[in-house]
Amino acid sequence: MKNKNIILILTLVLSGLTAIWGISSKAMENHECFVSVTAREMLQNNDWVLPTCNGQLRLEKTPLSYWIVAGLGKITGKIYAFTARFPSALSAFLSALAILYFTKQWLSPRTAIISALVWATSFGCINYAHNARPEMLLTFFITLCFLAFYSAAIEQSRKKQIIQMLVFWISFGLAMLAKGPIPLPLVAIPLFFYIVIFKQWKIIPKLLPITGVIIFLAIVLPWPLAIGYRVNWDLVVWKHNFYDRFFGNFAAGNYPFYLYMLYTFAFAAPWVAFAPVALISPFYKIWDKKQKAMLFLWLCFAADLIFLTISAGKRKHYMLPVVPVMAILIGIVLEDMVFIRKAFTGKFAKNFLIYHMIIITLSVITGMIYFVVTHSQFISEALILGITAIIIIAGILAAFAKSRKTLGCGLIFGGYSLLAICFVSLSAPLDNNNYTKIFGLEIAKRIPLTDNLVAYNHVSNRVVHYFSRDIPEIMDKNMIYQLYDKGDWILATENDLKELQADNRLNMVYYNDKAEVQIDKNTAGALFRKSQ
């Protein structure tokens, strides 16, 4: 019992570390700043209903992430990178906790721990835990929907079943507020097919179909109704972002139809080799009692993959909400290969794990060499990290050679967590968004709070975030000259800057040749002000 408690505590610690370590180390990227700037303006305007970003209506996304970040900002006094990203880090940790809790109920504590750690050490989890976008918040609530629903479906106690369905409906509603309306198809389609394919008609009355829907609507409807009233029901932006985007008529992006299959493997890293095996395994009867849970998880993954693939409006992060269910499938497979050897022969499992470790070792060595060659200033850190990784891998192999499987698994998860933490720390100084951070902070230092700043044509959300005030965008050049003559500060970047420089009518007071990032390249930015 003591060892089990220690393992459980270590699982929670590793899940927390991978989620929160270094969340404020990298500069904010542009899409993250939609959240931070909108939350800041909610506080400044004292308007928690109608979101604005840099003074413009921001109705493209539902407001839960804005509300949470604004609430944290009210407590901390200002919205920093940490404030903006903390909800994502917490959601990643809570997702691991949900996997741990529910999978333990269905299967076993060991399966639950392995599945939670697979999720917590996956690239998808770590990457979006460190990102302020609402993706991880959405992922947590959709994961909770799936897990609570299946627990209710197999629960014998009516009292527990009611509690689980209440969790489902509340999570469903909050998922809609996190990033609606995508939870509707992502949750409803897999559950519909689960009921139909497995003929679970009898459970429908037990799902609180009336009470649950009322709770769901009570959570979801007030905000869009309030918005409709505030904007006189001019909601064409929702049609563009929800309906037109799905059919490829709005901001579809030029992505191949197999995009989500590629990112299934990318988000599963470093467990990529296990993903195909995990997606095939549920169809083998050898799993016995586990098979029902595995088929449910597989159906959740497959149904959403097909739906997203059909959609013409593709983005890689749309796939994130179904990665946790795949992590559980990988956890089941990994547990069997290491501890049980029921579905896989000892020889197959041994060879599979050895090849996996060889690939990981080669990847680490290759990555370190590339990193040293391209960033020689970090040669000492890279060498230390590489040597540490090799020592950990040697320890893993030694543990398995001596049949100390629990220690071997612990070293695997601990090693992956260490590599992830080190990667986050080493990559932060190399982030191109740092240039915009420096630029934004510099102009904030130069321009007094009593002065006005406007941007010619366009300014990025990154600059607005670090400037800590709105920067109105003025498209009319004549208006720019009028404001300049009044004594206002003028900001311009990239081609807009070249245009103003060509006119040679404005006095430049600050110039930075690496002020902005445009498609992975740095562009210039400058401040103009009339001589006082």
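Under the working numbering, the first residue of the sequence shown carries the number 1221, and numbering increases by one thereafter.
All C-beta atoms, glycine included, are put in the ideal place defined by N, C-alpha and C.
Quick caveat, the model's predicted, so the values are computed rather than measured.
How close, in whole Å, do the beta carbons of residue i and residue j come, if the pair is a contact with beta carbons under 8 Å?
i       : j       : result
THR1238 : ILE1641 : 7 Å
ASP1733 : ALA1744 : 5 Å
LEU1314 : THR1231 : Contact flag wrong, Cβ pair sits at about 14 Å.
TRP1491 : SER1342 : 6 Å
VAL1542 : LEU1525 : 7 Å
ALA1318 : THR1359 : Not quite, the Cβ-Cβ distance comes to about 11 Å (not below 8 Å), so this is no contact.
ALA1609 : LEU1639 : 6 Å
CYS1365 : ALA1395 : 6 Å
LYS1331 : GLU1555 : In the sequence on display, residue 1331 carries Thr and not Lys. Confirmed, Cβ separation roughly 5 Å.
Looking only at C-alpha atoms, which of the options sits nearest to residue i?
i       : options                               : result
HIS1576 : TYR1590, VAL1289 and ALA1489          : ALA1489
PHE1462 : HIS1537, ILE1334 and LYS1399          : LYS1399
ILE1243 : PHE1306, LYS1706 and SER1311          : PHE1306
TYR1483 : ASN1347, ALA1664 and ILE1694          : ASN1347
MET1728 : LEU1263, ILE1632 and ILE1710          : ILE1710
ASN1653 : ALA1332, SER1600, LYS1224 and GLU1249 : GLU1249
ILE1611 : LEU1747, TRP1268 and ILE1632          : ILE1632
TYR1480 : PHE1503, LEU1364 and LEU1540          : LEU1540
ILE1616 : PHE1392, GLY1634 and GLU1601          : GLY1634
ILE1402 : PHE1413, TRP1458 and ALA1352          : TRP1458
LEU1650 : PRO1429, LEU1582, SER1245 and ALA1349 : SER1245
LYS1224 : VAL1289, ILE1333, TRP1421 and ILE1288 : ILE1333
SER1252 : LEU1228, ASN1351 and PHE1748          : Looking at the sequence itself, residue 1252 is Glu, so the reference to Ser does not match. Here the closest residue by C-alpha is ASN1351.
VAL1553 : SER1531, SER1583 and PRO1502          : PRO1502
LYS1750 : PRO1668, ALA1712, TYR1704 and GLU1719 : TYR1704
LYS1718 : PRO1444, ILE1415 and PHE1748          : PHE1748
CYS1345 : SER1311, PHE1322, VAL1456 and CYS1629 : SER1311
THR1756 : LYS1570, VAL1558, SER1647 and PHE1572 : Not covered by the structure: residue 1756. The range shown for the chain is 1221 to 1752.
PRO1668 : PHE1322, GLY1707 and LEU1720          : GLY1707
PHE1494 : SER1377, ALA1664 and ASN1571          : ASN1571
GLY1448 : LEU1279, VAL1338, ALA1395 and ASN1274 : LEU1279
GLN1276 : VAL1684, ALA1602 and LEU1726          : VAL1684
SER1645 : LEU1427, ASN1724, ALA1602 and PHE1322 : ALA1602
ALA1349 : PHE1302, ILE1424 and SER1335          : PHE1302
VAL1679 : ASN1274, SER1600, ALA1569 and GLN1325 : ASN1274
LEU1263 : LEU1228, LEU1284 and ALA1290          : ALA1290
ILE1288 : LEU1357, VAL1233, VAL1338 and LEU1228 : LEU1357
ALA1532 : LYS1505, ILE1579 and GLY1473          : GLY1473
VAL1558 : GLU1355, GLY1630 and LEU1499          : GLY1630
LYS1294 : THR1431, PHE1322 and GLU1261          : GLU1261
Please say whether residue j and residue i have beta carbons closer to each other than 7 Å?
i       : j       : result
TYR1286 : ALA1259 : yes
THR1656 : GLU1714 : no
ILE1374 : ALA1309 : no
VAL1255 : ALA1316 : no
LEU1754 : TYR1636 : Nothing can be reported for residue 1754, as the shown portion of the chain is limited to 1221 through 1752.
ALA1368 : VAL1387 : yes
ALA1507 : PHE1436 : The sequence given here has Trp at residue 1507, not Ala. For TRP1507 and PHE1436, no; Cβs fall outside 7 Å.
ILE1604 : THR1581 : no
ARG1450 : LEU1270 : yes
GLY1393 : VAL1440 : yes
TYR1731 : ALA1712 : no
THR1282 : LEU1397 : yes
ALA1523 : PRO1405 : no
GLY1628 : ALA1619 : yes
GLN1420 : SER1371 : no
PRO1476 : TRP1339 : no
VAL1257 : ASN1681 : yes
PHE1361 : SER1391 : yes
Check the DSSP bridge columns for residue i and list the partner residues they point to.
i       : result
PHE1748 : ILE1710 and MET1728
VAL1674 : ILE1710
ASN1742 : VAL1737
ILE1694 : TYR1676
LEU1277 : THR1272
At a threshold of 6 Å, does residue i count as lining the ligand ADP (C-beta to nearest heavy atom)?
i       : result
ILE1243 : Ligands displayed in this structure: none; no statement on the ligand ADP is therefore possible.
With contact counted as at least three CB pairs below 8 Å, one residue from each stretch, are the stretch 1498 to 1517 and the stretch 1548 to 1564 in contact?
The stretch 1498 to 1517 makes contact with the stretch 1548 to 1564, as at least three CB pairs between them are under 8 Å.
Any chance the stretch 1527 to 1537 sits against the stretch 1479 to 1495, with 3 or more Cβ pairs inside 8 Å?
yes
With three or more C-beta pairs closer than 8 Å as the rule, is the stretch 1565 to 1576 touching the stretch 1377 to 1384?
Verdict: no, contact absent.
With a threshold of 8 Å, are at least 3 pairs of Cβ atoms found where one atom belongs to the stretch 1689 to 1703 and the other to the stretch 1615 to 1627?
Judged by Cβ distances under 8 Å, the stretch 1689 to 1703 makes no contact with the stretch 1615 to 1627, as fewer than three pairs qualify.
Segment contact flag, the stretch 1583 to 1594 with the stretch 1504 to 1515, C-beta cutoff 8 Å, min 3 pairs:
no
Take every Cβ of the stretch 1689 to 1696, pair it with every Cβ of the stretch 1663 to 1680, and state whether three or more of those distances are shorter than 8 Å.
yes
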